[in-house]
Amino acid sequence: MNCKDTQNLIDGYLDDELDLVSNLEIEDHIQDCVLCAQDYKSHQLLRNGIKTGSFYFKAPTDLQTKIQSSLRKAAKAEEGRTWVLPKWWFNIVAPMAAAAVMVLALVPFLRGPSTDELLANEVVSSHVRSLMATHLADVASSDHHTVKPWFAGKLDFSPPVEDLAKQGYPLVGGRLDYLENRPVAALVYQRQKHFINLFIWPAGSDSHVRAKMGSRQGYDLAYWTKSGMTYWAVSDLNSSELQEFVQLVQNQTSPTM
Ligand SMILES: [Zn+2]
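For the sequence shown, the positions run 9 to 265 when my numbering is used.
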């Protein structure tokens with residue numbers, strides 16, 4: 009189960025509405041994923057908060073008096089006669105409004121992780137899965153003249169494929185993967201005993217984004233866009249080597265759409 013699925017199902021999980029398999033999958037995921045664990049905790053807090061009524065506030069008496077007197081004044085000015093709100097209004101409507109304000113104020117803190125963070129988690133999961141299942145490549149070849157045409161007909165774009173053997177990062181092969189709800193190209197490179205997954209798909213816009221580096225669950229990540237393509241590189245290499253790899257790819261890539 010990925011982060012998106014987990015977060016979609018977290019309320020169902022808390023309300024005990026899911027089947028056993030989904031429950032177990034969510035528990036598994038929450039154990040390994042810090043972000044989803046946080047999300048789970050904040051949902052739990054909100055749920056308990058609402059349940060135990062700690063968001064339920066009674067309007068203070070002086071507020072009640074102030075509102076009543078200002079309403080009286082306004083009414084007098086208008087019609088010269090006095091009226092007051094019924095008592096139930098203060099007992100029911102005002103606390104409800106106060107609770108609504110509290111919940112709305114909390115919403116920014118309860119919002120899940122950003123799209124980039126979710127995508128970074130997806131990228132790491134795909135990388136780990138490719139290593140665990142020893143399913144690194146659908147087409148195993150160090151020749152980019154073999155790997156590049158293999159993607160034709162399988163993807164609606166042509167990923168730039170470069171061999172970087174001379175620079176110390178030989179191409180191992182290519183694979184179809186699925187990220188951000190779309191099929192993407194995964195190119196696999198090797199550096200000594202380490203593997204690098206380079207995921208490529210068309211960028212939403214033509215914007216040029218310089219490489220951003222980060223790390224997740226012990227893996228280093230790099231993300232950039234160039235000439236209409238989005239790139240994500242992930243590996244357990246040390247970050248300076250990954251940076252070198254990113255630089256090499258950036259210098260070589262000249263995509264053909
Ligand atoms: Zn997660």
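Backbone N, C-alpha and C define an ideal beta-carbon position, used for all residues, glycine too.
Proximity below 9 Å, CB of E130 to CB of L187: As a working mapping, residue 130 is identified with position 122 in the sequence shown. As a working mapping, residue 187 is identified with position 179 in the sequence shown. Against a cut-off of 9 Å, the Cβ pair of L187 and E130 comes out as a contact.
Around ligand 1, Cβ to any heavy atom closer than 6 Å, ordered along the chain: C11, T14, H37, C41, L43, C44, N129
Unbroken alpha helix (DSSP H) run spanning A128, endpoints: Position 120 of the sequence shown, counted from the start, is the residue given in the question as residue 128. Element bounds for A128: 123-140.
Boundaries of the beta strand (DSSP E) in which H216 is found, first to last residue: Working through the sequence shown from its first residue, we reach residue 216 at position 208. Looking at the DSSP string, H216 is not in any beta strand (DSSP E), and its letter there is neither H nor E.
Beta carbon of V136 nearer than 9 Å to that of V147: Along the sequence shown, one-based indexing puts residue 136 at 128. Along the sequence shown, one-based indexing puts residue 147 at 139. No. Outside cutoff.
Runs of alpha helix (DSSP H) lying entirely within the segment 168-199, each at least 4 residues, in chain order: none
First and last residue of the uninterrupted beta strand (DSSP E) at F207: As a first step, residue 207 must be located in the sequence shown, where it is residue number 199. From DSSP, the beta strand (DSSP E) with F207 extends over 202-210.
Proximal residues to I204 (C-beta, below 8 Å), its chain only, five neighbours per side dropped: Locating residue 204 in the sequence shown gives position 196, where the first residue counts as 1. Y177, V196, Y197, Q198, A241, V242, S243, L245, L250, F253, listed in sequence order.
Span of the beta strand (DSSP E) around W240: Counted from its first residue, the sequence shown places residue 240 at position 232. Here the beta strand (DSSP E) through W240 covers 237-243.
Residue burial classification, D185 (beta-carbon count within 10 angstroms, cutoff 16): Numbered from 1 along the sequence shown, position 177 holds the residue referred to as residue 185. So D185 counts as buried.
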